[in-house]
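Peer 1:
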Amino acid sequence: MLLKGSWMLMTANKRRFKAEIDGHIYTIIGTASDRHMQTVTRMMNEQIKQLKKLAPDMNDQEIATLIAFNAISDQVDKQAELLKMQTDDAHE
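Taking the UniProt record's numbering, the leading residue of the sequence shown gets 1, the next gets one more, and so forth.
1. Measure the alpha-carbon distance for M37 versus A19 and round it to whole angstroms.
2. Taking H24 as part of the beta strand (DSSP E), name the residues at either end of that continuous run.
3. Under the rule that 16 or more other beta-carbon atoms within 10 Å means buried, what is I28, buried or exposed?
4. Hey, how far is the Cα of D34 from the Cα of K84?
5. Across which residues does DSSP place F17 in a beta bridge pair?
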């Protein structure tokens, strides 16, 4: 579940984590460890900073959309890799 955002995820064993992303405080509720959340927060802030430097004309929504697109693209790649490994294992 993400508070201060436009979507919510329900999870079991919920934990609250406060993340400062691009100067905004978000309370994120999920099952991941604090270390995981800190890593994600740090990486997001690094990506935002890099995009603002490379494309200073991009607004916050464009930056967020690009980061989300890249994250989903990475997820699709990982799922394809996993499927390939599972298929290869099934044929051995």
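Cβ coordinates follow ideal geometry from the N, Cα and C atoms, glycine included.
Peer 2: Taking the coordinates as given:
1. Residue mapping note: residue 37 aligns to position 37 of the sequence shown, counting from 1. Residue mapping note: residue 19 aligns to position 19 of the sequence shown, counting from 1. Using only the alpha carbons, I get a separation of about 8 Å.
2. Counted from its first residue, the sequence shown places residue 24 at position 24. Element bounds for H24: 24-30.
3. Indexing the sequence shown from 1 puts residue 28 at position 28. With 16 or more Cβ atoms within 10 Å of its Cβ, I28 is classed as buried.
4. Translated into the one-based positions of the sequence shown, residue 34 becomes position 34. Translated into the one-based positions of the sequence shown, residue 84 becomes position 84. Approximately 32 Å between the Cα atoms of the pair.
5. Within the sequence shown, numbered from 1, the residue matching residue 17 stands at position 17. In the DSSP output, where bridge partners are listed per residue, F17 has I28.
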